[in-house]
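For the sequence shown, our numbering assigns the number 21 to the initial residue and increments by one for each residue that follows. Heads up: the structure comes next, in structure tokens.
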Amino acid sequence: MSGLGPERLSLNTATVRERWNLSQCIDGCVRHGFGGIAPWRDKLQEMGTSAAARSIRDAGLEVTGVCRGGWFTENGVLDAEVLDENRRAVDEAEEIGAACLVMVVGGLSADSRDLPAAWRLVEDGLAATLEYARTAGVKIAIEPLHPMYAADRACVNTMRQALDICDRLGEGIGCAVDVYHVWWDSELDSQIARAGSDRLLAFHICDWLVPTRDMLTDRGMMGDGVIDIPRLRCMVEQNGFSGLNEVEIFSELDWWRRDPDEVLGTIAERARTAC
Ligand code: ZN
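Right, here's the structure in full:
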């Protein structure tokens with residue numbers, strides 16, 4: 021089932037973050053025929069959330085997600101600062117009509133080796149934010165990150181772990197499936213089936229380069245790495261996911277250095293041939 025048209029793509033603004041502001045991203049999506057966009061909060065705030073909401077609506081783009089809430093472990097305790105910040109993220113997601121608010125939950129707290137304590141903070145933070153998000157009608161999407169980020173970004177690292185949390189917290193929370201983070205997982209098929217359409221809230225694509233030169237900012241363009249993206253896309257679609265394919269490429273050494281119009285053109289081409 022290879023062959024996605026650009027209308028099936030959403031641009032995560034991180035992909036062109038070094039060169040385009042949100043307004044340029046919106047125009048770029050329209051120019052290249054993309055169906056949607058997923059703004060990061062810094063870009064949203066720079067433009068102003070209500071202006072961004074208007075502009076995205078006028079451009080006819082879907083919003084596949086807002087990146088990101090979370091970081092519940094940052095202060096070592098769930099204080100007002102952390103919870104307020106997450107409520108603001110929910111408000112922004114609501115204002116731009118996002119399909120979900122993506123959560124990067126946080127890793128170990130500073131000077132801590134206590135991973136179970138981090139898990140508890142994360143779950144409590146998600147529970148508190150979910151309560152608020154339900155009243156706003158915003159879905160919360162836990163994004164399990166590759167285990168190499170467990171210390172400094174997210175201590176939720178597999179779909180199983182994310183779905184266990186979803187099971188305990190109930191309605192309104194699901195997962196963002198990013199192929200970069202989960203492609204290696206031998207339980208991926210069964211966990212995606214377990215998630216089901218209600219909890220498959222976002223699908224992020226890029227590729228895993230061999231070798232990877234930087235843990236954070238060396239993601240590949242689809243087709244340049246080892247991830248079987250068509251198989252994974254098929255898997256989420258067969259389990260009821262019908263949203264757009266969100267392209268999220270952190271690439272300090274390559275794509276961030278190029279003209280964003282070239283980047284979007286290449287994305288559209290690879291979507292047809294490698295996704
Ligand atoms: Zn992602």
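For glycine and all other residues, C-beta sits at the position ideal for the given N, C-alpha and C. Note that the structure is a prediction, hence the values are computed from the model and not measured.
Check                                                                                                        : Outcome
In three-state terms, what does DSSP make of H52?                                                            : helix
Could you tell me the alpha carbon to alpha carbon distance between I76 and V83, rounded to whole angstroms? : 8 Å
Going by DSSP, which residues form a beta bridge with W60?                                                   : C87
Can you give me the C-alpha to C-alpha distance between D104 and T293, rounded to a whole angstrom?          : 43 Å
Taking the CB atoms as reference points, tell me whether A118 and V86 lie closer together than 8 Å.          : yes
Please name the residue in E266, A171 and G260 whose C-alpha comes closest to that of T93.                   : A171
With a threshold of 7 Å, establish whether the CB of D198 neighbours any heavy atom of the ligand ZN.        : yes
Going by C-alpha distance, which of D209, A222, S132 and V110 is nearest L146?                               : V110
Under 7 Å from any heavy atom of the ligand ZN, does the C-beta of H224 make it?                             : yes
Out of D198, S43, H52 and A58, point me to the one whose CA is closest to E66's CA.                          : S43
Could you check what DSSP says for A119 in three-state terms: helix, strand or coil?                         : coil
Cα-Cα, which of A100, D248 and G56 is closest to L208?                                                       : D248
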